[in-house]
Amino acid sequence: MFERFALGAQIAFQPLSLLMMTVGVAWGIIGGALPGISGSMAMALLLPLTFGMDPAVALMMLAGVYIGAMYGGSISAILIRTPGTPGAAATVIDGYELHKQGFGAKALGVSLITGTVGGIASVFILIGLAVPLSKVALAFGPPEYFALGVFGLALISSFVGRDLLKGMISGTLGLILATAGTDPFSGTPRFTLGSIDLLTGVELVAGMIGLFAVSEIFYQIAESEGWERIKGKVSTQLPTWVELVKLKTAMIVGIVMGTIEGLLPGGGGAIAAFISYDQAKRWSKHPEEFGHGSLEGIAAPETANNVVTGTAMIPLLTFGIPGSNGAAIMLA
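Using the working numbering, the first residue of the sequence shown is number 22, and each one after it goes up by one.
What follows is the structure in structure tokens.
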């Protein structure tokens, strides 16, 4: 095993490999920060460039895009309340609140550090636990996926607080939107209204843009006092060691949830992010701060969706079954 690891490191540290990874990360951050493109689309746009490359170098470049997009999605989520990638949808809740309070730079710093921690953790998980964890992924059948779906619906109660009626209405609307697309068992279209674009369902990023960005525009127009002025500068301020120590529980939760969700085909960063957000709130010493600008509310989902980048490769490399959309593109 050590010889294979040394061979992989030798290929990874070649000048061309480092250059392609740098290009991939830079393009991934740009694509992730632009709402509507998302990480998988950014990877697909660079896919034609890989046809003449060495397969190892091409995979490293695509992996760089995948990882860079995860961080890039948090930039627009924090600054303009619009997630650039589905995995950054949970980051909007506390990230934008911090930005309105003048702490947008610190929110970006927390996203950068915790995302890096999640990415590094995913590499070690991929190297050391690929074989045993792949067996766990295969053990998930229809009953387990049904239980996971029920668990996801139960999370609605933790987000709505005391306003249960609004939570039930929102959950029902989400279920209605989720029924549009192609039935996974029979292959027949459901509620597509004859539109080819709806055969794959309602895109999560497009839905988030409508729910967050467009609604924010109408809200600002309706405000009699004019546009809301955001305090602070748009920059990155790294958190202190004291703040990072306080975020350790949220990061551990993100690593665990991201590992579990990344193993499941179709799980992806969005599910891992929301489950991590909910669990971090339960384990936090200050759960009342969630939804009002909590650094833990950024750390948990950002750690989780970056862990998914590595763990989603485990079913891909062991059985050829991708654990996320980004991993599916690498099959090409």
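Quick reminder that beta carbons are idealized off the backbone N, C-alpha and C, glycines included.
Spatial distance of residue i from residue j (CA atoms)
{"i": "T357", "j": "L198", "result": "Because residue 357 is not part of the residues shown, which for the chain are 22 to 353, the question remains open."}
{"i": "Q35", "j": "T270", "result": "37 Å"}
{"i": "I146", "j": "P205", "result": "30 Å"}
{"i": "V113", "j": "T135", "result": "16 Å"}
{"i": "G123", "j": "A84", "result": "33 Å"}
{"i": "M420", "j": "T330", "result": "With the chain covering 22 to 353 only, the question about residue 420 has no answer from this structure."}
{"i": "G140", "j": "F311", "result": "24 Å"}
{"i": "S38", "j": "G215", "result": "45 Å"}
{"i": "L220", "j": "P210", "result": "6 Å"}
{"i": "L70", "j": "L55", "result": "21 Å"}
{"i": "W304", "j": "F72", "result": "47 Å"}
{"i": "T137", "j": "I99", "result": "17 Å"}
{"i": "E24", "j": "A333", "result": "24 Å"}
{"i": "V157", "j": "T339", "result": "12 Å"}
{"i": "K127", "j": "H120", "result": "9 Å"}
{"i": "D218", "j": "F212", "result": "12 Å"}
{"i": "I350", "j": "V223", "result": "19 Å"}
{"i": "E118", "j": "P164", "result": "38 Å"}
{"i": "N326", "j": "M64", "result": "17 Å"}
{"i": "G57", "j": "L285", "result": "25 Å"}
{"i": "F295", "j": "D115", "result": "12 Å"}
{"i": "L352", "j": "L40", "result": "22 Å"}
{"i": "L196", "j": "P260", "result": "38 Å"}
{"i": "I101", "j": "T280", "result": "29 Å"}
{"i": "M82", "j": "I190", "result": "42 Å"}
{"i": "L185", "j": "G192", "result": "10 Å"}
{"i": "G49", "j": "G208", "result": "33 Å"}
{"i": "I335", "j": "I242", "result": "47 Å"}
{"i": "G29", "j": "L232", "result": "44 Å"}
{"i": "G108", "j": "A79", "result": "24 Å"}
{"i": "L268", "j": "V144", "result": "21 Å"}
{"i": "G162", "j": "G170", "result": "12 Å"}
{"i": "G228", "j": "G202", "result": "14 Å"}
{"i": "A175", "j": "G290", "result": "19 Å"}
{"i": "F239", "j": "A168", "result": "38 Å"}
Limits of the unbroken alpha helix (DSSP H) element including residue i
{"i": "D115", "result": "112-121"}
{"i": "E224", "result": "E224 -> no alpha helix (DSSP H), and no H or E assigned at all."}
{"i": "I273", "result": "269-284"}
{"i": "P107", "result": "First-last for P107: undefined, no H or E at that position."}
{"i": "Q31", "result": "23-33"}
{"i": "K306", "result": "Neither: K306 is in no alpha helix (DSSP H) and is coded neither H nor E."}
{"i": "M74", "result": "From DSSP, M74 is part of no alpha helix (DSSP H); its letter is neither H nor E."}
{"i": "I217", "result": "No alpha helix (DSSP H) holds I217; DSSP gives it neither H nor E."}
{"i": "I51", "result": "36-54"}
{"i": "L198", "result": "185-200"}
{"i": "L67", "result": "59-67"}
{"i": "I350", "result": "346-351"}
{"i": "G318", "result": "317-332"}
Cβ shell of residue i (< 7 Å), same chain only, five flanking positions each side left out
{"i": "A142", "result": "I276, V328"}
{"i": "V274", "result": "S297, Q300, A301, W304, A321"}
{"i": "I51", "result": "G93"}
{"i": "Q258", "result": "A126, K127, G130"}
{"i": "P308", "result": "K302"}
{"i": "A111", "result": "A294, F295, Y298, P322"}
{"i": "A151", "result": "I335, L338, T339"}
Own chain residues within Cβ distance below 6 Å of residue i, not counting five before or after
{"i": "G53", "result": "G60, A90, G93, G94, G105, T106"}
{"i": "N346", "result": "S61"}
{"i": "A77", "result": "I32"}
{"i": "S132", "result": "S95, I319, E323"}
{"i": "T200", "result": "R211, F212"}
{"i": "S97", "result": "A54, P56, T103, G105"}
Residue i CB to nearest heavy atom of the ligand GDP below 7 Å
{"i": "P164", "result": "The model depicted lacks the ligand GDP and carries no ligand whatsoever."}
Chain-order list of residues whose beta-carbon lies under 8 Å from that of residue i (same chain, five-residue window excluded)
{"i": "L67", "result": "G45, W48, M82, L83, V86"}
{"i": "I148", "result": "F26"}
Three-pair Cβ contact test at 8 Å for the segment 315-322 versus the segment 256-271:
Under the 8 Å Cβ criterion, the segment 315-322 counts as touching the segment 256-271, having at least three qualifying pairs.
Is the segment 80-89 touching the segment 34-52 in the sense that three or more CB pairs, one from each, lie closer than 8 Å?
Taking 8 Å as the limit for Cβ pairs, the verdict is that the segment 80-89 does touch the segment 34-52.
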